[in-house]
Structures are given as C-alpha cells and as structure tokens.
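So the protein sequences, as listed, match chains A and B.
The first sequence maps to residues 831 to 969 in our numbering.
The second sequence maps to residues 831 to 969 in our numbering.
First up is the structure itself, then whatever we jot down about it.
2 protein chains.
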Amino acid sequence: MLSNFRVTAEEMIRSHGGRVTDSRKRILALLLSEKNAITHREIESRFSNDQLDRVTLYRVLQWLVDNGLIHKITSDDHVWRYHANQDAYRHQHAHFKCTKCAKVVCLEDMPSDRKLSLPAGYRFQTIELTVKGLCEHCA
Amino acid sequence: MLSNFRVTAEEMIRSHGGRVTDSRKRILALLLSEKNAITHREIESRFSNDQLDRVTLYRVLQWLVDNGLIHKITSDDHVWRYHANQDAYRHQHAHFKCTKCAKVVCLEDMPSDRKLSLPAGYRFQTIELTVKGLCEHCA
DNA sequence: TTAAAAATGCAACAGTGTTGCAATACAGGT
DNA sequence: ACCTGTATTGCAACACTGTTGCATTTTTAA
Numbered sequence: 831m832l833s834n835f836r837v838t839a840e841e842m843i844r845s846h847g848g849r850v851t852d853s854r855k856r857i858l859a860l861l862l863s864e865k866n867a868i869t870h871r872e873i874e875s876r877f878s879n880d881q882l883d884r885v886t887l888y889r890v891l892q893w894l895v896d897n898g899l900i901h902k903i904t905s906d907d908h909v910w911r912y913h914a915n916q917d918a919y920r921h922q923h924a925h926f927k928c929t930k931c932a933k934v935v936c937l938e939d940m941p942s943d944r945k946l947s948l949p950a951g952y953r954f955q956t957i958e959l960t961v962k963g964l965c966e967h968c969a
Numbered sequence: 831m832l833s834n835f836r837v838t839a840e841e842m843i844r845s846h847g848g849r850v851t852d853s854r855k856r857i858l859a860l861l862l863s864e865k866n867a868i869t870h871r872e873i874e875s876r877f878s879n880d881q882l883d884r885v886t887l888y889r890v891l892q893w894l895v896d897n898g899l900i901h902k903i904t905s906d907d908h909v910w911r912y913h914a915n916q917d918a919y920r921h922q923h924a925h926f927k928c929t930k931c932a933k934v935v936c937l938e939d940m941p942s943d944r945k946l947s948l949p950a951g952y953r954f955q956t957i958e959l960t961v962k963g964l965c966e967h968c969a
C-alpha cells in the first residue's frame, strides 16, 4: 500500500533528474497517499515519530513544486497546502475550501471557458479560482 | 479633495453606528482615495508622518471589513490587501494581480457561470477568483 | 573508493498578524 | 460644558509561517 507510493515517488523523482533522497521519497509518498491538499504543519504531524526537519520539509516541498511533481494552493488563512500532481490534477484546476473545517480539495474542472475581460493593455497569464462553502461532513 | 474623502468616510462610519474616531476617519478616507487595493504595510507608509499604531491599523481594518465599508483580498504572497467598498465594488467581484509589480486591482465583473459542479453533499457559499498576469505598466 | 556537488540539520532571523492590559477618547445624559 | 460608562487606542510581548547562512552529511558519478 504505502510501499507502492514509495516506489511511485522514487520513479517520479528519478525521472526528473533529481537526487533520490530519503526525505523526498517519504514526503512525496505521503502526498501521493493523501486525498486532500494538506499544509506544511499537517505533513509534519504525519511524521511525528520519524524525525523530519522543518526547514528540510520546506525545501523539499519547494523542490517538488519546482519540478512539477506537486502543486501548492494558497488560501485565505494564508497557509500553503500541497497536493501531488496525479492524473486529473496535472492541468489547471479549481479548488474547494470548507469554511468550517478548512479542508481543501481539488476540483476536476476549471470553468475558464468564459473569458472575463481585463482592462486595456493587461496581459492574461493564469487564473486562480477557489470555491468556498461547506464540505459533506460540515454541511 | 482629500477632505471630501474625510467627509464621506465620516458619514459611512456614522451610518454604521460605530464611534467616529480619528483613526477610522483617516484610514477609511485614505482607502477611499486609493484606486487599487493596498496592503497594511502600504497604508502604514502613507501615514509615515502622522503616527499610526500598527495594531490599531489592524483593528480598524478589521472593523471596517466587519461593517462592510471595505473588503479585503487574499493573494499568493499571503498578505491582505484592502479596498474601499464604493460603487461597483459592493457586490462580489474578481481581482487581478500583476505577477511583476504585485499591484492588485478590482475587476468589475465576476463570470457567474457556476457550472463547476461540487461533489455530492457539498454546499456552495462564495467564489474567489483572481486573474494573474501583467498590468499595463509591466506588460 | 573517492571526490565533487547537492541536500540536510540547526540556529537565528524576518514578516505578518494577534493578544492582554492599562491608558485614553468618544457619546449620551445631566 | 461636565460627568461617566464603554469602546477604542497604544504598547509590549507573543504566535505562526516561512527563509537564510553555514557547517555537516549524503548522494552520485568517475
């Protein structure tokens, strides 16, 4: 189960030409096993037994983002949440945040078809969309 | 000019039943005079001569938000930006953030097609949409 | 096996925002 | 105009998330 994720993680890291270190494997394997996007602090607490340095975690997460293996999501609580780039989440997508329990999930689609008009001279790059509401447990 | 904003500010505060204090008048008048959404730090620097306590500024901003006189916008730099609720900005709207100079402007329209479907059992509350790109000066 | 390069661990720092509490300013009644 | 209760302010100290510098360790490739 979890060893499957470790194997996948190792392949993903190796295929990006990075050094395959223990921290990277463990962190990416964890993110692959998580259904929702989770915070730095939540990742830390998952490793409460095994020691995992705060700073190393920040640096590994940044490396994984830079190499497109995970993505990070901003939120109105001003904490980054991280999620592995699997399957449907490769491309740009919207996110949902529960206003009660703060859970963040990735939505599969991004309704960006409808172009909203920018002021003259502005150049479009990306769009960030977060839907807020109550999740199935809090509704 | 700026005294006009002070008069408007005072009326807005009074109409919400709050105490009309000097800090509230000065801060709201400044926000009324600003075209774009600005950060706590930017507001502070506008008052560099007159003294203005950091904590008071945070608390006044929160009060103004709670009373619907201004709104605040989150961003991927994890700093709140504040903008007065005038005219078009009363209702829900999208925002634009320049990825080069970090300028944030309010867009007038929100593409309201909530075609994006939430998972079963989820309840919709609000939508937050930020378009990122280059502004007219940075493009 | 060895050496260069990259990654880690630690300590200290930086920025944004919050809390507790005493001092002050505002508003309403006299 | 003057009290008086109460909201607001100012200050100090704190909390949290994230970053930087640097010595030590691990990884990789010859």
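Idealized CB from N, CA, C, for every residue including glycine.
| Classification of valine 935 of chain A by the beta-carbon crowding that lies within 10 angstroms, buried from 16 upward | Against the first sequence, residue 935 of chain A aligns to sequence position 105. Buried: at least 16 other Cβ atoms inside 10 Å.
| query | Which full runs of the alpha helix (DSSP H) of 4+ residues lie inside the region 848–903 of chain B, going along the chain? | reply | List check, alpha helix (DSSP H) in window: 852–863, 870–876, 884–896.
| Residues of chain A with CB under 8 Å from leucine 964 of chain B, in chain order? | Translated into the one-based positions of the second sequence, residue 964 of chain B becomes position 134. Those are Tyr952, Arg953, Gln955, listed as they occur along chain A.
| task | Look up threonine 960 of chain B in the DSSP assignment and give the residues it is bridged to. | result | Stepping through the second sequence from its first residue, residue 960 of chain B is reached at position 130. The partner list for threonine 960 of chain B (beta bridge, DSSP) reads A/Glu958, B/His925.
| When DSSP builds the beta bridges, which residues end up paired with histidine 913 of chain B? | Counting from one through the second sequence, the residue named residue 913 of chain B turns up at place 83. Answer by DSSP bridge pairing, in chain order: B/His901.
| request: Please name the residues in the region 834–868 of chain B whose beta-carbon is closer than 9 Å to at least one beta-carbon of chain A, in chain order. | output: Contact annotation: in the region 834–868 of chain B, no residue has its CB less than 9 Å from a CB in chain A.
| task | List the residues of chain B that lysine 894 of chain A touches, going by C-beta distances under 9 Å, in chain order. | result | To locate residue 894 of chain A, count along the first sequence from 1; it is residue 64. Note on residue identity: the sequence assigns leucine, not lysine, to residue 894 of chain A. By Cβ distance, chain B contributes nothing, its closest Cβ being about 17 Å from leucine 894 of chain A, past 9 Å.
| message | Are the CB atoms of glycine 848 of chain B and tryptophan 893 of chain B within a distance shorter than 8 Å? | response | Residue numbering aside, residue 893 of chain B sits at position 63 when the second sequence is read from its first letter. Residue numbering aside, residue 848 of chain B sits at position 18 when the second sequence is read from its first letter. Their beta carbons are under 8 Å apart, which means tryptophan 893 of chain B touches glycine 848 of chain B by this criterion.
| query | Of the residues A/Tyr952, A/Gln955, A/Thr869, A/Ser947, which one's Cα is nearest the Cα of histidine 913 of chain A? | reply | Counting from one through the first sequence, the residue named residue 913 of chain A turns up at place 83. Of the candidates A/Tyr952, A/Gln955, A/Thr869, A/Ser947, the one whose C-alpha sits nearest the C-alpha of histidine 913 of chain A is A/Thr869.
| request: Give the residues of chain A in contact with leucine 937 of chain B, contact being defined as C-beta atoms less than 9 Å apart. | output: Start at 1 with the first residue of the second sequence, and residue 937 of chain B comes out as number 107. Ordered by position in chain A, the residues that pass the 9 Å Cβ test against leucine 937 of chain B are Leu946, Ser947, Leu948, Pro949.
| field | Pair within 8 Å by beta-carbon distance, alanine 867 of chain A and alanine 839 of chain A | value | Within the first sequence, residue 867 of chain A is the residue found at index 37, counting from 1. Within the first sequence, residue 839 of chain A is the residue found at index 9, counting from 1. No, the pair does not count as a contact, with Cβ atoms beyond the cut-off.
| Which listed residue (A/Leu959, A/His967, A/Lys855) has its alpha carbon closest to that of proline 949 of chain B | Here residue 949 of chain B refers to the residue found at position 119 of the second sequence. Of the listed residues, the one whose Cα sits closest to proline 949 of chain B is A/His967.
| message | Am I right that valine 961 of chain A and phenylalanine 926 of chain A are in contact with their C-beta atoms under 8 Å? What's the rounded C-beta distance? | response | By one-based count along the first sequence, residue 961 of chain A stands at place 131. By one-based count along the first sequence, residue 926 of chain A stands at place 96. Correct: roughly 5 Å between the Cβ atoms.
| said: Please tell me whether glutamate 872 of chain A and leucine 887 of chain A are closer than 8 Å, where the distance is taken between their beta carbons. | reply: The count along the first sequence starts at 1 and reaches residue 872 of chain A at position 42. The count along the first sequence starts at 1 and reaches residue 887 of chain A at position 57. Not in contact: glutamate 872 of chain A and leucine 887 of chain A (Cβ atoms no closer than 8 Å).
| message | Against chain A, with Cβ distances strictly below 8 Å, would phenylalanine 926 of chain B count as a contact? | response | Locating residue 926 of chain B in the second sequence gives position 96, where the first residue counts as 1. Yes - at least one Cβ of chain A is within 8 Å of the one on phenylalanine 926 of chain B.
| request: Evaluate arginine 911 of chain A with the Cβ neighbour count: other Cβ atoms within 10 Å of its Cβ, from every protein chain shown; 16 or more gives buried, anything less gives exposed. | output: Indexing the first sequence from 1 puts residue 911 of chain A at position 81. Looking at its Cβ environment, which holds 16 or more other Cβ atoms inside 10 Å, arginine 911 of chain A is buried.
| message | Can you list, in chain order, the residues of its chain with a C-beta nearer than 6 Å to that of isoleucine 857 of chain A? Leave out the 5 residues immediately preceding and following it. | response | Numbered from its first residue, the first sequence carries residue 857 of chain A at position 27. The residues are Val890.
| message | Please report the distance separating the alpha-carbon of asparagine 834 of chain B from that of arginine 854 of chain B. | response | One-based indexing of the second sequence puts residue 834 of chain B at position 4. One-based indexing of the second sequence puts residue 854 of chain B at position 24. Taking the CA atoms as reference points, asparagine 834 of chain B sits about 15 Å from arginine 854 of chain B.
| message | To the nearest angstrom, how far is the alpha carbon of serine 905 of chain A from that of isoleucine 843 of chain B? | response | Working through the first sequence from its first residue, we reach residue 905 of chain A at position 75. Working through the second sequence from its first residue, we reach residue 843 of chain B at position 13. In a straight line, the C-alpha of serine 905 of chain A is about 30 Å away from that of isoleucine 843 of chain B.
| message | Going by beta-carbon coordinates alone, are isoleucine 900 of chain A and leucine 861 of chain A separated by less than 8 Å? | response | Here residue 900 of chain A refers to the residue found at position 70 when the first sequence is read from its first residue. Here residue 861 of chain A refers to the residue found at position 31 when the first sequence is read from its first residue. Result yes, Cβ atoms of isoleucine 900 of chain A and leucine 861 of chain A sit closer than 8 Å.
| aspartate 906 of chain B touches chain A at which residues, Cβ-Cβ below 7 Å? | To locate residue 906 of chain B, count along the second sequence from 1; it is residue 76. The answer, in chain order, is Thr904.
| message | Using beta carbons (cut-off 8 Å, strictly below), is valine 934 of chain B in contact with chain A? | response | Taking the first residue of the second sequence as 1, we reach residue 934 of chain B at position 104. Judged by the 8 Å Cβ criterion, valine 934 of chain B is not in contact with chain A.
| query | Can you tell me whether alanine 924 of chain A is buried or exposed, with buried defined as 16 or more other CB within 10 angstroms of its CB? | reply | Start at 1 with the first residue of the first sequence, and residue 924 of chain A comes out as number 94. When all chains shown are included, alanine 924 of chain A counts as buried.
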